[in-house]
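K.L.:
Residue numbers (our numbering): 3 to 279.
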Ligand code: ARG
């Protein structure tokens, strides 16, 4: 709960910061020239890892934000938003699929331009990348077997928890109890959410803590699982950009803002998430 308050305070601060920067950059956003190839790229004076391309570091095992499509390509909310941003900047989107724990490092090391992976904004991550404004809310939830004796997050003490490695779910759960966690010894990190859910189905862990939208998909795909009603934390998803590339951050942020303001982002979200459930 302590953690929750901290996060809420942080979310508030973030909202204010975003609000402020939004005022400052709104005129720029409207002035941004209609994207047309490399010229615009130069006019906006940002550089990308490869000329004419926008490389998105992600972990495409996180439906409905990013996943591998039937034809072997990539799809999902993040992929489509990134495609729209790239189009506005006159760039071609290239999806670089990797472990989730490598996504921020790839941007830091200049191997990718943006980290976009249902990526939660945290103070620690802000030390490594700059974040755009938020385009979605993430909620950490708890998946349990239908017949579990875990009724709320207050029952998690002493239970074995499964998470995806490097995620906020893992970071919170593995923290010491004084900080609202359950201790590292009670948390197992899996390479992706699907593997964590598999461990739950085979009784290796008692619950899985993961973001709510992937959680809904895993529960829909597997019998005998449910999501607890009490939520663990509420978070903001944003795009991470290298700290040494403020021009690209500006360009991506302006494009994202336009896409939020004209309803494109909502349209993309609606095409993947059925809000009438
Ligand atoms: N929102 C969580 C975090 O930022 C989990 C994101 C996992 N994303 C993924 N594409 N696997 O830590």
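C-beta: ideal position from N, C-alpha, C; glycine also.
1. Heavy atom of ligand 3 less than 7 angstroms from the Cβ of residue 177, yes or no?
2. Per DSSP, what kind of secondary structure is residue 119 in: helix, strand or coil?
3. Have a look at residue 238 and residue 149 and give me their C-alpha separation to the nearest angstrom.
4. Are there any heavy atoms of ligand 1 lying less than 7 angstroms away from the beta-carbon of residue 68, as far as the coordinates show?
5. Between the Cα of residue 247 and the Cα atoms of 73, 71, 111 and 72, which residue gives the shortest distance?
6. Tell me which residues share the same chain as residue 99 and place their Cβ nearer than 6 angstroms to its Cβ, disregarding the 5 neighbours each side in the sequence.
7. Which residues share a DSSP beta bridge with residue 54?
8. Counting only runs that start and end within the stretch 135-180, where is the beta strand (DSSP E) found for 3 or more residues in a row?
9. Give the DSSP-derived three-state secondary structure of residue 212 in the structure shown.
10. Could you give the DSSP three-state label for residue 94: helix, strand or coil?
11. Contact between the stretch 122-133 and the stretch 78-95: three or more CB pairs below 8 angstroms?
12. Can we count residue 60 as close to ligand 1, meaning its CB is less than 7 angstroms from some heavy atom?
13. Taking a contact to mean a Cβ-Cβ separation below 8 angstroms, would you say residue 66 touches residue 78 in this structure?
14. In the DSSP assignment, find the beta strand (DSSP E) that holds residue 192 and state where it starts and stops.
15. Could you compute how far the alpha carbon of residue 230 sits from the alpha carbon of residue 55?
16. Looking at ligand 1, does it come within less than 7 angstroms of residue 119, judged from the CB to the closest heavy atom?
17. Could you tell me whether the Cβ atoms of residue 82 and residue 270 are closer together than 8 angstroms?
18. Just how far apart, CA to CA, sit residue 114 and residue 102?
19. Taking the alpha helix (DSSP H) that residue 203 falls in, what are its first and last residues?
20. Can you tell me where the alpha helix (DSSP H) holding residue 241 begins and where it ends?
21. Give me, in chain order, the residues of the same chain whose beta-carbon lies closer than 7 angstroms to that of residue 211; leave out the 5 immediate sequence neighbours on both sides.
22. Taking 8 angstroms as the cut-off, decide whether the C-beta atoms of residue 214 and residue 140 are in contact.
23. Taking 8 angstroms as the cut-off, decide whether the C-beta atoms of residue 203 and residue 188 are in contact.
24. Answer yes or no: the CB of residue 126 versus the heavy atoms of ligand 1, is any distance below 7 angstroms?
25. From this set, 177, 226, 268 and 244, which residue's C-alpha is nearest residue 49's C-alpha?
26. Do residue 170 and ligand 1 come close, with the Cβ less than 7 angstroms from some heavy atom?
P.N.:
In terms of the structure at hand:
1. What this structure holds is ligand 1, not ligand 3.
2. For the purposes of this step, residue 119 is identified with residue 117 of the chain shown, where counting begins at 1. Of the three classes helix, strand and coil, the one that applies to residue 119 here is coil, per DSSP.
3. Against the chain shown, residue 238 aligns to sequence position 236. Against the chain shown, residue 149 aligns to sequence position 147. When rounded, the distance between both Cα atoms is 31 angstroms.
4. The residue given as residue 68 occupies position 66 in the chain shown. Within the cutoff, so yes.
5. On the chain shown, position 245 is the one that residue 247 refers to. Closest by alpha carbon: 111.
6. Sequence index remark: in the chain shown, residue 99 carries index 97 (1-based). Around residue 99: 62.
7. Looking up residue 54 in the chain shown gives position 52. Answer is none; residue 54 lacks a bridge partner.
8. 138-147 and 163-166
9. By 1-based counting over the chain shown, the position of residue 212 is 210. Residue 212: strand per DSSP, three-state reduction.
10. Within the chain shown, numbered from 1, the residue matching residue 94 stands at position 92. Correct three-state label for residue 94: strand.
11. no
12. Residue numbering aside, residue 60 sits at position 58 when the chain shown is read from its first letter. Yes, the beta carbon of residue 60 sits closer than 7 angstroms to at least one heavy atom of ligand 1.
13. Residue numbering aside, residue 66 sits at position 64 when the chain shown is read from its first letter. Residue numbering aside, residue 78 sits at position 76 when the chain shown is read from its first letter. It is a contact, given that the beta carbons lie within the stated cut-off.
14. Mapped onto the chain shown, residue 192 falls at position 190. Here the beta strand (DSSP E) through residue 192 covers 189-192.
15. By one-based count along the chain shown, residue 230 stands at place 228. By one-based count along the chain shown, residue 55 stands at place 53. Roughly 42 angstroms separates the two Cα atoms.
16. For the purposes of this step, residue 119 is identified with residue 117 of the chain shown, where counting begins at 1. Result yes, Cβ under 7 angstroms from ligand 1.
17. Looking up residue 82 in the chain shown gives position 80. Looking up residue 270 in the chain shown gives position 268. Their beta carbons are under 8 angstroms apart, which means residue 82 touches residue 270 by this criterion.
18. Counting from one through the chain shown, the residue named residue 114 turns up at place 112. Counting from one through the chain shown, the residue named residue 102 turns up at place 100. Distance between the alpha carbons of residue 114 and residue 102 is about 13 angstroms.
19. On the chain shown, residue 203 is found 201 positions in, with the first residue counted as 1. Unbroken alpha helix (DSSP H) run through residue 203: 195-203.
20. For the purposes of this step, residue 241 is taken as residue 239 along the chain shown, with counting starting at 1. Premise fails: residue 241 is in no alpha helix (DSSP H) and is neither H nor E.
21. Looking up residue 211 in the chain shown gives position 209. So the list reads 142, 144, 163, 165, 171, 175 and 234, once near-sequence residues are dropped.
22. The sequence position of residue 214 within the chain shown is 212, counting from 1. The sequence position of residue 140 within the chain shown is 138, counting from 1. Yes, they are a contact pair.
23. What you label residue 203 is simply residue 201 of the chain shown in a count that begins at 1. What you label residue 188 is simply residue 186 of the chain shown in a count that begins at 1. No, Cβ-Cβ distance for residue 203 and residue 188 is not below 8 angstroms.
24. In the chain shown, counting from the first residue as 1, residue 126 sits at position 124. Residue 126 Cβ: outside cutoff for every heavy atom of ligand 1.
25. What you label residue 49 is simply residue 47 of the chain shown in a count that begins at 1. That would be 244, whose Cα lies nearest to the Cα of residue 49.
26. As a first step, residue 170 must be located in the chain shown, where it is residue number 168. At least one heavy atom of ligand 1 is nearer than 7 angstroms to the Cβ of residue 170, so yes.
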